[in-house]
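This report concerns only the one structure given below.
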Amino acid sequence: LAKISGQEDISIGTPVSGRYHSDLESIIGMFVNTLALRDYPLAQKTFCQFLAEVRQNTIQAFENQDYPFEEMVEKLEIMRNTGRNPIFDVMFTFQEQDRQFEEILKSKIAENSNDYKYERLTSKFDLTLAVAKTSLGICCTFEYCVKLFKKETVQRFVDYFKRILVSIGKDPEQEITQIEIISRKEKRKILYDFNDTGTRYPKNMTIQAYIE
Numbered sequence: 001l002a003k004i005s006g007q008e009d010i011s012i013g014t015p016v017s018g019r020y021h022s023d024l025e026s027i028i029g030m031f032v033n034t035l036a037l038r039d040y041p042l043a044q045k046t047f048c049q050f051l052a053e054v055r056q057n058t059i060q061a062f063e064n065q066d067y068p069f070e071e072m073v074e075k076l077e078i079m080r081n082t083g084r085n086p087i088f089d090v091m092f093t094f095q096e097q098d099r100q101f102e103e104i105l106k107s108k109i110a111e112n113s114n115d116y117k118y119e120r121l122t123s124k125f126d127l128t129l130a131v132a133k134t135s136l137g138i139c140c141t142f143e144y145c146v147k148l149f150k151k152e153t154v155q156r157f158v159d160y161f162k163r164i165l166v167s168i169g170k171d172p173e174q175e176i177t178q179i180e181i182i183s184r185k186e187k188r189k190i191l192y193d194f195n196d197t198g199t200r201y202p203k204n205m206t207i208q209a210y211i212e
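The sequence shown: position 117 = 117 (this note's numbering), numbered continuously.
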C-alpha cells in the first residue's frame, strides 16, 4: 500500500473474534469487533525494523480488542461518509483454517486455473487481503471493489505483493525504499517509453510563433 500510494502513514482494518477469554468460547452471540491498525512504513526503515514495529503495534491493538470500533469512531469525531468506511478502506483477515477455500483451491489446482469465482458479488471494502492457512500452505485471496479497480489492476497489485515477498525473503535487512515492486519491463516502460517525448522544432522560429 505504501509503495502504490507513496504514503508513509497507512491504516488498515482487521477483524477479531472478541472471544479472547476462554469463558466466552461456549457463549452464543456476536462478539466480532474491528481493529484499526496504523503503521508508518517510512522509506529509510529496514524491513526487519518495520516488521518489529508492526508486530508490537498489532499486539497492543489486540490487547484492546474489547473497545468497540463504533465508539472509537464517535470519539474521534470523524466526518461520516456513507460511501466510505471510516478510518480505513483496506481490510486484512487471517484464518487458521478455511476448509471451504481449501476445497476450492484443490479443484482449481486440478484444473490448472487461477480464476476463483465466489458467490459473493459485493465487496465490503475497497480492497481486502484474506489469508488462510490450509494443508497446501498459506493461501491469499484479494477481494476488491470493481467500481474502483479493474481485474488487471488488482492482478498487478498481486504481482507487486509477490515481488515484495521474494525481495524481503532474499534480504530482510534492506530499507523499504530499496524494495522494487515493478518488473524490469514495466520499469523500462515508465522511465523510457512514457518519457520518449523528444521532437524536433524549427530553428528559424521563435517559441511564441511556433505556439501560435
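Beta carbons: idealized from backbone N, C-alpha and C, even for Gly. From a predicted model like this one, the values you see are computed outputs, not experimental measurements.
Within the DSSP bridge table, the entry for Lys133 names Ile138 as partners. Ranking Ile10, Leu129, Val166 and Asp171 by CA distance to the CA of Phe142 puts Leu129 first. The stretch 63-82 and the stretch 47-55 do not touch, with fewer than three beta-carbon pairs separated by less than 8 Å. Counting along the chain, no beta strand (DSSP E) covers Asn57; the unbroken alpha helix (DSSP H) around it starts and ends at Phe47 to Glu63. Within a 10 Å sphere around the beta-carbon of Met91 sit 16 or more other beta-carbons, which makes this residue buried. The C-beta of Tyr201 has fewer than 16 other C-beta atoms within 10 Å across all chains shown, which makes the residue exposed. Note on geometry: alpha-carbon atoms of Ser17 and Leu1 lie some 25 Å from one another.
By alpha-carbon distance to Ser183, the top candidate from Thr177, Ile211 and Arg163 is Arg163.
Contact check for Cys139 against Leu165 fails: the beta carbons are separated by 8 Å or more. A direct Cα-Cα distance of roughly 30 Å separates Pro172 from Lys151.
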